[in-house]
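Chains as they are written, first to last, in our numbering: chain L, 796 to 1221; chain P, 11 to 316.
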Amino acid sequence: MADDLKDTLSKAAPMQRRSLLKGTAGILAAGVFPAVHSADQLVLRYLGTATNQDKDIADKFEKDTGIKIQYVAVTTDDVTKRAVTAPNSFDLIDTEYFSLKNIVPTGNLKGIDTKRIKNADKITSLFTTGMVAGKAVGDQGTAPKKTIFLEGEKSKVFAKSPTQYMSLIPTTYNADTLGIRPDLIKRPISSWAELLNPEFKGKAAILNIPSIGIMDAAMVVEAMGIYKYPDKGNMTKKEIDLTIKTLIEAKKQGQFRSLWKDFNESVNLMASGEVVIQSMWSPAVTAVRTKGIACTFQPLKEGYRAWASGFGLPATLSGKKLDGAYEFINWFLDGWAGAYLNRQGYYSAVLETAKSKMEAYEWAYWMEGKPAAQDIKSPHGDLLAKKGEVRDGGSYEQRMGGIACWNAVMDENAYMVQKWNEFVAA
Amino acid sequence: MSAPSTPSLPAASAPGRTLAAWWQALPLTTVFALFFLVPLTLVLMVSFWDYNQYEMLPGFTFKNYLAVFDGCLSRNESGDLCVTLKTYLSTFKFCLLVWALTLVIGFTVSYFLAFHVQSSGVQVVLFVLCTIPFWTSNVIRMIAWVPLLGRNGLVNDFLVSYGMVDQPIEWLLFSNFSVVLAFVHLFTTFMIVPIFNSMMRIDRSLIEAASDSGASAWQTLWNVIIPLCRTGIIIGSIFVITIVMGDFVTIGVMGGQQIASVGKIIQVQTSYLQFPLAAANAVVLLAIVLMIIWALTRMVDIRKEL
Chain L
796 MADDLKDTLS KAAPMQRRSL LKGTAGILAA GVFPAVHSAD QLVLRYLGTA
846 TNQDKDIADK FEKDTGIKIQ YVAVTTDDVT KRAVTAPNSF DLIDTEYFSL
896 KNIVPTGNLK GIDTKRIKNA DKITSLFTTG MVAGKAVGDQ GTAPKKTIFL
946 EGEKSKVFAK SPTQYMSLIP TTYNADTLGI RPDLIKRPIS SWAELLNPEF
996 KGKAAILNIP SIGIMDAAMV VEAMGIYKYP DKGNMTKKEI DLTIKTLIEA
1046 KKQGQFRSLW KDFNESVNLM ASGEVVIQSM WSPAVTAVRT KGIACTFQPL
1096 KEGYRAWASG FGLPATLSGK KLDGAYEFIN WFLDGWAGAY LNRQGYYSAV
1146 LETAKSKMEA YEWAYWMEGK PAAQDIKSPH GDLLAKKGEV RDGGSYEQRM
1196 GGIACWNAVM DENAYMVQKW NEFVAA
Chain P
11 MSAPSTPSLP AASAPGRTLA AWWQALPLTT VFALFFLVPL TLVLMVSFWD
61 YNQYEMLPGF TFKNYLAVFD GCLSRNESGD LCVTLKTYLS TFKFCLLVWA
111 LTLVIGFTVS YFLAFHVQSS GVQVVLFVLC TIPFWTSNVI RMIAWVPLLG
161 RNGLVNDFLV SYGMVDQPIE WLLFSNFSVV LAFVHLFTTF MIVPIFNSMM
211 RIDRSLIEAA SDSGASAWQT LWNVIIPLCR TGIIIGSIFV ITIVMGDFVT
261 IGVMGGQQIA SVGKIIQVQT SYLQFPLAAA NAVVLLAIVL MIIWALTRMV
311 DIRKEL
């Protein structure tokens, strides 16, 4: 090419060169590649975190309905960022309820019409009223009941009481606690305070997502008896200072081996034995166990830090894509996906449809806290629990009933992030 | 594929600034303006904006810059520096260590390649060997250190089983040591390439002349080779220093996310939609890096020597 060009140039004619450039410019302007026309198949771009984006779910949905799901996997924080800054870059969003405090005021989400959702009235009461088995659970932080209803289809504020429009239709939720290596700790663990116990110096980890990490830290501060928060999920500046100070002191004494931000990092830290006690997520515990390494998602007396995620629709979605998105949500609540998630240790939004797609012994193990009647396998066929084992945390009611607080976005969020950076730098 | 790739071809007729020359410069200029100048201006502009929980508010305020340097004028009650100063000090420390190590290692490797390996075939093969760290992705290269340096990793297993230590050594991983190790492993090539290039252009008769005049090997190295490699050394230094200043992935993974870096702070801030604050941090970082590069380029006129 360079030689060709030299030839062209030396043979004279600035005119020729200019026309060559003009031609190039023309090609560039026109767009070098002809537009690729997509096939007629409907494709939905599904924005969310990788933990929820299972290939099997997309494959099964495509088989059932012919609609293709295209996963866009980013981190928890980036889901929010995309929803706020690029609301047309997806057709379906899978985000956490606490993020809504940042997304809904932008008007980038559409209220989901529950009249178009077949199983809407069967969504578990944890979301709509904050009750499990008739009892109210902890609602510190951004509990879903505070953010699930919108005042209308086009609304930038949350409704105080149930309405026809939901901000997110719940997909998965769970109650998180500390993960431990029972084989290396060799004694019972029953309190959040153990995370900062000097006994585990250099063998503890906390997650480095400020809005979640601060909640874990608050659970620890309360468990250590340092302070009792009126609302852990909405701290004052002073409370943030106190919490971060506790973390910094522990860090300076070498309590933490590492911090983690990504699901896989937490799995590696635990599986390699670098860390024996840390903030953890349920599927990460499952992942460690499938490697044949003992790992317990330890229930603690102070309760759980809960989270919940759900599907939302971008405000601009319309026509066939909107119908397709509704079809996906309806399909998702219809049982197959719910059963699939329950088998991974999550909980699904509509329990009865999921139950119909699970074997009785699976339901008894995962949801009723009973000993496994036979070996429990993950959806991919890995052994998760041997016959006779009982799930950590017991039944659905025991576990979800033990919620102490929810992941949250605080009013003092900016200050909290600034202080968190201070902790990382300390 | 087109003209922009050869912007400085001497035009046959008019060597001056003809219209054609401007046309030729246009595509690159456009790309440069669109993808560099415009975004940079936007960052600068946004750094003066205000923001709330979920959106940026156009305006003009120094709030973000004040926030970056908040509490930096005095030590806080527990005697610590402010986050920004502490972060930059820690980053400078890494810069200095990594720069010194990559320079010594890179120079030695280049010297060996350029002066001790006689056949140019072997030279090429060995040179390609130096690029092996780049055959895998950055993240995989870093993660590969974990099974090696971890508490139950190969190194500790070896030391413990041969009784050299009683307890596994903790500081091998998730420490300043592991961060510097990973940096040196990753970036020594950036030193080797420009220094090797400079060395290959040294006229061998100069070295002969030096030895004929009675210079010892060290004298030749110090008074002939190093001054003639100056351009390569400076270019390599610019590469290494700018990368280390902006890095947050390596520091994050190898430091167990417990060591602060400016990049990490910016990343956390953008995650929490604090774009103006992140922009202010980015502008400060850019200014500091530019000053370092300016100082380095004072030492050598790169354009003249290339």
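C-beta atoms are modelled at their ideal positions from N, C-alpha and C, and glycine is treated no differently.
Closest residue to residue i among the options (Cα-Cα distance)
i                       : options                           : result
residue 181 of chain P  : P/172, P/171, P/158 and P/201     : P/158
residue 60 of chain P   : P/305, P/301 and P/287            : P/287
residue 1124 of chain L : L/1194, L/1035 and L/1143         : L/1143
residue 894 of chain L  : L/1032, L/878 and L/908           : L/878
residue 184 of chain P  : P/141, P/152, P/266 and P/250     : P/266
residue 972 of chain L  : L/844, L/1215, L/940 and L/1092   : L/1092
residue 903 of chain L  : L/1041, L/1152, L/952 and L/998   : L/952
residue 901 of chain L  : L/891, L/913, L/875 and L/907     : L/875
residue 948 of chain L  : L/1086, L/1072, L/1107 and L/1214 : L/1107
residue 210 of chain P  : P/270, P/261, P/130 and P/165     : P/130
residue 1047 of chain L : L/1166, L/1085, L/1220 and L/928  : L/1220
Unbroken beta strand (DSSP E) run spanning residue i, endpoints
i                       : result
residue 1208 of chain L : Where residue 1208 of chain L is concerned, there is no enclosing beta strand (DSSP E), although the alpha helix (DSSP H) it sits in stretches over 1208 to 1220.
residue 122 of chain P  : Element bounds for residue 122 of chain P: n/a, residue is neither H nor E.
residue 1180 of chain L : 1178 to 1180
residue 842 of chain L  : 838 to 843
Cutoff 8 angstroms: residue i Cβ touching any chain P Cβ
i                       : result
residue 1068 of chain L : yes
residue 886 of chain L  : no
residue 981 of chain L  : no
residue 882 of chain L  : no
residue 1209 of chain L : yes
residue 1062 of chain L : no
residue 816 of chain L  : Caution is warranted here: a pLDDT of 48 is assigned to residue 816 of chain L, below 50, making its placement in the model unreliable, and no coordinate value can be reported.
residue 1216 of chain L : yes
residue 1202 of chain L : no
residue 1220 of chain L : yes
residue 847 of chain L  : no
residue 889 of chain L  : no
Delimiting residues of the alpha helix (DSSP H) encompassing residue i
i                       : result
residue 868 of chain L  : Per DSSP, residue 868 of chain L belongs to no alpha helix (DSSP H); it is in the beta strand (DSSP E), 863 to 868.
residue 281 of chain P  : 272 to 281
residue 289 of chain P  : 285 to 308
residue 1121 of chain L : 1114 to 1128
residue 968 of chain L  : Looking at the DSSP string, residue 968 of chain L is not in any alpha helix (DSSP H); the run it does join, the beta strand (DSSP E), is 964 to 971.
residue 150 of chain P  : 148 to 153
residue 1160 of chain L : 1155 to 1161
residue 852 of chain L  : 850 to 860
residue 1100 of chain L : Looking at the DSSP string, residue 1100 of chain L is not in any alpha helix (DSSP H); the run it does join, the beta strand (DSSP E), is 1099 to 1109.
residue 1012 of chain L : 1005 to 1018
residue 140 of chain P  : 130 to 140
residue 985 of chain L  : Unbroken run through residue 985 of chain L: none, as it is neither H nor E.
Residue i at chain L interface by Cβ criterion, 8 angstroms
i                      : result
residue 177 of chain P : no
residue 283 of chain P : yes
residue 270 of chain P : yes
residue 116 of chain P : no
residue 278 of chain P : yes
residue 267 of chain P : yes
residue 298 of chain P : no
residue 93 of chain P  : yes
residue 39 of chain P  : no
residue 63 of chain P  : yes
Quiz item: Of all the residues that make up the stretch 1024 to 1056 of chain L, which are near chain P by a beta-carbon distance shorter than 8 angstroms?
Solution: Within the stretch 1024 to 1056 of chain L, the qualifying residues are 1046, 1051, 1052, 1053, 1054, 1055 and 1056.
Exercise. Spell out a yes or no on whether the stretch 1005 to 1017 of chain L and the stretch 1087 to 1104 of chain L are touching, meaning 3 or more CB-CB pairs, one atom from each, closer than 8 angstroms.
Key: A contact between stretches requires three or more CB pairs, one per stretch, nearer than 8 angstroms, and the stretch 1005 to 1017 of chain L meets this requirement with the stretch 1087 to 1104 of chain L.
Quiz item: Is the stretch 962 to 977 of chain L touching the stretch 915 to 926 of chain L, taking contact as three or more C-beta pairs under 8 angstroms?
Solution: The answer is yes - the stretch 915 to 926 of chain L touches the stretch 962 to 977 of chain L, with three or more Cβ pairs under 8 angstroms.
Exercise. Return the residues of the stretch 1002 to 1021 of chain L that lie within a Cβ-Cβ distance of less than 9 angstroms from chain P, sorted by chain order.
Key: Identification of residues in the stretch 1002 to 1021 of chain L having a C-beta nearer than 9 angstroms to some C-beta of chain P yields 1003, 1004, 1005 and 1006, given in sequence order.
Quiz item: Using 8 angstroms as the threshold, is the stretch 1188 to 1200 of chain L in touch with the stretch 924 to 934 of chain L, meaning 3 or more CB pairs across them?
Solution: A contact between stretches requires three or more CB pairs, one per stretch, nearer than 8 angstroms, and the stretch 1188 to 1200 of chain L meets this requirement with the stretch 924 to 934 of chain L.
Exercise. Determine contact between the stretch 197 to 206 of chain P and the stretch 240 to 260 of chain P, defined as no fewer than three beta-carbon pairs at a distance below 8 angstroms.
Key: Touching, yes, given that three or more Cβ pairs across the two stretches are closer than 8 angstroms.
Practice problem: Please list the residues of the stretch 156 to 184 of chain P that have a C-beta atom closer than 9 angstroms to any C-beta atom in chain L, keeping them in chain order. | Solution: Cβ contacts with chain L: 156, 157, 160, 161, 162, 163, 180, 183 and 184.
Self-check item: Segment contact, 8 angstroms Cβ cut-off, at least three pairs: the stretch 1134 to 1153 of chain L with the stretch 1170 to 1184 of chain L
Solution: Touching, per the Cβ criterion.
Self-check item: Under 8 angstroms (Cβ pairs) to chain P, residues found in the stretch 945 to 967 of chain L
Solution: Those would be none; no residue qualifies.
Quiz item: Taking any Cβ of chain P, which residues in the stretch 968 to 998 of chain L have a Cβ under 7 angstroms from it, in chain order?
Solution: Contacts with chain P (Cβ-Cβ distance below 7 angstroms) from the stretch 968 to 998 of chain L involve 997, listed in chain order.
Exercise. State whether the stretch 837 to 844 of chain L contacts the stretch 864 to 873 of chain L, with contact taken as three or more CB pairs (one from each stretch) at a distance under 8 angstroms.
Key: At 8 angstroms Cβ cutoff, the stretches touch.
Practice problem: Would you be able to state if there are at least three C-beta pairs under 8 angstroms between the stretch 1113 to 1130 of chain L and the stretch 885 to 903 of chain L? | Solution: The stretch 885 to 903 of chain L makes contact with the stretch 1113 to 1130 of chain L; the number of CB pairs closer than 8 angstroms reaches 3 or more.
Quiz item: Between the stretch 237 to 267 of chain P and chain B, which residues of the former have a C-beta closer than 7 angstroms to a C-beta of the latter?
Solution: Going by chain labels, chain B is absent from the structure shown, which instead holds the protein chains L and P.
Self-check item: Contact list for the stretch 1093 to 1111 of chain L against chain P, Cβ threshold 8 angstroms
Solution: Legend: CB atoms of the stretch 1093 to 1111 of chain L lying less than 8 angstroms from CB atoms of chain P are not found in any residue.
Quiz item: Would you call the stretch 249 to 258 of chain P and the stretch 99 to 109 of chain P in contact, with 3 or more CB pairs under 8 angstroms?
Solution: Yes, the stretch 249 to 258 of chain P touches the stretch 99 to 109 of chain P.
Quiz item: Are at least three pairs of beta-carbons, each pair with one atom in the stretch 993 to 1002 of chain L and one in the stretch 1065 to 1082 of chain L, less than 8 angstroms apart?
Solution: Result yes; three or more Cβ-Cβ pairs closer than 8 angstroms.
Exercise. Determine which residues of the stretch 53 to 87 of chain P have a Cβ less than 9 angstroms from any Cβ of chain L, and write them out in chain order.
Key: Residues passing the 9 angstroms Cβ filter: 61, 62, 63, 64, 65, 77 and 80.
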